[in-house]
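Written out below as structure tokens is the structure these notes cover.
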């Protein structure tokens, strides 16, 4: 479904992604794990068009999206839930969700998606008139996910959904990710919390200073001695 | 009683001047909020608008209303063009580079006007010719009342536009987080263009109202009002739309009352003095957005 080939990204003189290639198949959850600064977020940003890659190919459902702008990439069905949630703080929960369907014209479709999200996240329903900035971190993460789901994307890029959240909330967020996947959503997941990420993933790639150093089935990586030592706390 | 009547008249004058400032400050503040830049050429748009009115009116057969429409069209096109040519290439440049470019555009517009029209002031026909009206025994300038009315109407329409339309919401989203807005499928460049269009159209209207009571236009007509409306936007809290409305009106009233009761020469000094005092106590402006964040 998503094919990335030999992707290179520079920040000025810094070579942030050094020719990475990976693939995500329909219906999979694939994780990108790695240390701080390995290039995980950069990878997601260049896939969704928020930053420009200097060379390489990104293909989504057979379509070359390498040099498309972010607002066009959303429209072909690739949603991105960015690191730090980035909900619109001064807008209400309801308005945030509406903006999630900005590219959609069909009013009935929007209403349907909205109702679905209200059932998926009852907390958001309770708070739909509240400003997003006043929500708790977990609720903001739910809002960011709901917002991305409003356009009914075919695939989601999820960046650090567990960041700054209490373990019990992390658990419920991951349950929701799994539930979305069970309904057929393809997901590319970036996580610091490698153990948690691998536990729900089909496959994973390990990023190390801008290069993919390892790849394989999530269950194999979970038991790999090197991965255990470097990313899973021994 | 006589003093009270004078005070009311001055207050209405102030409200009317403040309305014009508010219209201009809206353009400043919207562009700042959404494109994150200070468009110092904003004041000079008013000058272009005033010249347009003057020229169209001098061509026989055109009514003042046609002149106003022409002025809106010209200013909107100019605002969008300036953004495309001068500011868009600098979207990811440092804020300082953009600021200097904006100052450059301002001088450019003034110089072009100077080349075409010379430095001699040109007469502008007033598009509002109204008798004064008597309300409760007080003679009030009809022009001032109409200006206040038009401004209130525009503010209501603008607020509704931003709150209730998709484009308006896209503007709010872009002003808060450009990247996240893009991820919603919002075309950031188109949204910024739209902001310049609206800001410039408001400036055109403000320009028409401004020179209507002034009577003349020269290449530097927009310079001082431009700076003052920037002050108004900062006093209200730059980036905040209600702030710009509030700041503009407060500024107009202060200026008007200073002229009436303190000194005509000192009025501008007092206006800038108020800016300093406001910034000392409320650095984000009177209605500046307080950040509510929970991480």
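Chains as they are written, first to last, in this note's numbering: chain A, 1 to 234; chain B, 1001 to 1295. All C-beta atoms, glycine included, are put in the ideal place defined by N, C-alpha and C. All of these numbers come straight from a predicted model, not from anything done at the bench.
Cα-Cα separation, residue i to residue j
i, j, result
"residue 123 of chain A", "residue 130 of chain A", "11 Å"
"residue 1108 of chain B", "residue 154 of chain A", "50 Å"
"residue 1285 of chain B", "residue 1234 of chain B", "6 Å"
"residue 121 of chain A", "residue 107 of chain A", "21 Å"
"residue 1248 of chain B", "residue 1268 of chain B", "14 Å"
"residue 40 of chain A", "residue 135 of chain A", "27 Å"
"residue 18 of chain A", "residue 216 of chain A", "20 Å"
"residue 1003 of chain B", "residue 1211 of chain B", "29 Å"
"residue 177 of chain A", "residue 232 of chain A", "21 Å"
"residue 194 of chain A", "residue 132 of chain A", "28 Å"
"residue 1165 of chain B", "residue 1130 of chain B", "35 Å"
"residue 206 of chain A", "residue 1250 of chain B", "59 Å"
"residue 1287 of chain B", "residue 1243 of chain B", "5 Å"
"residue 1010 of chain B", "residue 1134 of chain B", "15 Å"
"residue 1120 of chain B", "residue 1215 of chain B", "13 Å"
"residue 84 of chain A", "residue 163 of chain A", "7 Å"
"residue 1175 of chain B", "residue 147 of chain A", "18 Å"
"residue 1074 of chain B", "residue 1042 of chain B", "14 Å"
"residue 1105 of chain B", "residue 82 of chain A", "37 Å"
"residue 24 of chain A", "residue 1278 of chain B", "56 Å"
"residue 78 of chain A", "residue 185 of chain A", "11 Å"
"residue 1092 of chain B", "residue 209 of chain A", "26 Å"
"residue 199 of chain A", "residue 218 of chain A", "7 Å"
"residue 1008 of chain B", "residue 1136 of chain B", "11 Å"
"residue 1035 of chain B", "residue 1058 of chain B", "37 Å"
"residue 97 of chain A", "residue 180 of chain A", "17 Å"
"residue 156 of chain A", "residue 51 of chain A", "17 Å"
"residue 1089 of chain B", "residue 1040 of chain B", "17 Å"
Helix, strand or coil at residue i [DSSP, three-state]
i, result
"residue 37 of chain A", "coil"
"residue 1017 of chain B", "helix"
"residue 285 of chain A", "Not covered by the structure: residue 285 of chain A. The range shown for chain A is 1 to 234."
"residue 1139 of chain B", "strand"
"residue 79 of chain A", "strand"
"residue 204 of chain A", "strand"
"residue 158 of chain A", "strand"
"residue 214 of chain A", "strand"
"residue 1294 of chain B", "Confidence at residue 1294 of chain B is low in this model, with a pLDDT of 49, below 50, so the placement of that residue should be treated as unreliable; the coordinate-derived value is given next. Coil at residue 1294 of chain B, not helix or strand."
"residue 1149 of chain B", "helix"
"residue 1158 of chain B", "helix"
"residue 24 of chain A", "strand"
"residue 147 of chain A", "helix"
"residue 108 of chain A", "helix"
"residue 115 of chain A", "helix"
CB contact check: residue i to chain C, cutoff 8 Å
i, result
"residue 103 of chain A", "The displayed structure is made up of protein chains A and B, and chain C is not among them."
Under 9 Å by beta carbon: chain B residues contacting residue i
i, result
"residue 58 of chain A", "Ordered by position in chain B, no residue passes the 9 Å Cβ test against residue 58 of chain A, which lies about 16 Å from the chain."
"residue 75 of chain A", "1185"
Beta-carbon neighbours of residue i, restricted to chain B and to distances below 7 Å
i, result
"residue 70 of chain A", "1182, 1183"
"residue 99 of chain A", "1169, 1173, 1184"
"residue 95 of chain A", "1169"
Chain A contact residues for residue i, given Cβ-Cβ distances below 7 Å
i, result
"residue 1187 of chain B", "71"
"residue 1176 of chain B", "88, 89, 90"
Any non-hydrogen atom of the ligand GTP closer than 7 Å to residue i Cβ
i, result
"residue 144 of chain A", "No copy of the ligand GTP occurs in the structure displayed, which carries no ligand at all."
Interface residues of chain A facing residue i [CB-CB closer than 8 Å]
i, result
"residue 1179 of chain B", "50, 70, 82, 86"
"residue 1166 of chain B", "102"
TODO: Flag this pair as touching only if the region 38–49 of chain A and the region 69–82 of chain A have three or more C-beta atom pairs under 8 Å; answer yes or no.
DONE: Yes: the two stretches touch, three or more of their Cβ pairs being nearer than 8 Å.
### Task
Say whether the region 222–231 of chain A touches the region 1224–1239 of chain B, bearing in mind that this needs 3 or more beta-carbon pairs closer than 8 Å, one atom from each stretch.
As far as the Cβ criterion goes, the region 222–231 of chain A does not touch the region 1224–1239 of chain B, which means the pair count is below three.
| said: Three or more C-beta pairs under 8 Å: does that hold for the region 1256–1264 of chain B against the region 1199–1206 of chain B? | reply: In short, these stretches do not touch, since the Cβ pair count stays below three.
Counting pairs of Cβ atoms below 8 Å between the region 1011–1018 of chain B and the region 1077–1092 of chain B, do you hit three or more? Counting Cβ pairs under 8 Å, fewer than three are found: no touch.
For the region 1104–1124 of chain B and the region 1048–1060 of chain B, state whether three or more C-beta atom pairs, one from each stretch, are separated by less than 8 Å.
Under the 8 Å Cβ criterion, the region 1104–1124 of chain B counts as touching the region 1048–1060 of chain B, having at least three qualifying pairs.
Taking beta-carbon pairs under 8 Å, can you tell me which members of the region 138–169 of chain A lie near chain B?
Taking 8 Å as the cut-off between beta carbons, the residues of the region 138–169 of chain A near chain B are 140, 147, 148, 151, 164, in sequence order.
- Query: Contact between the region 1186–1197 of chain B and the region 1137–1157 of chain B: three or more CB pairs below 8 Å?
  - Reply: With the cut-off at 8 Å, the region 1186–1197 of chain B and the region 1137–1157 of chain B do not touch.
**Prompt:** Along the region 81–93 of chain A, what residues have a CB closer than 7 Å to any CB found in chain B?
**Reply:** Flagged, chain order: 82, 86, 88, 89, 90, 91.
What residues in the region 38–53 of chain A have a beta carbon less than 8 Å from any beta carbon of chain B?
-> Within the region 38–53 of chain A, the residues whose Cβ lies closer than 8 Å to some Cβ of chain B are 48, 49, 50, listed in chain order.
How about the region 59–67 of chain A and the region 1148–1160 of chain B: do they share at least three Cβ pairs that are nearer than 8 Å?
-> At 8 Å Cβ cutoff, the stretches do not touch.
- prompt: Would you say the region 1062–1071 of chain B touches the region 1171–1189 of chain B, given that touching needs at least three Cβ pairs under 8 Å?
  reply: Contact between the region 1062–1071 of chain B and the region 1171–1189 of chain B is absent, because fewer than three Cβ pairs lie under 8 Å.
**Asked** Is there contact here, the region 1023–1032 of chain B with the region 1216–1230 of chain B, by at least three beta-carbon pairs under 8 Å?
**Response** Inter-segment contact for the region 1023–1032 of chain B and the region 1216–1230 of chain B is present: three or more beta-carbon pairs are separated by less than 8 Å.
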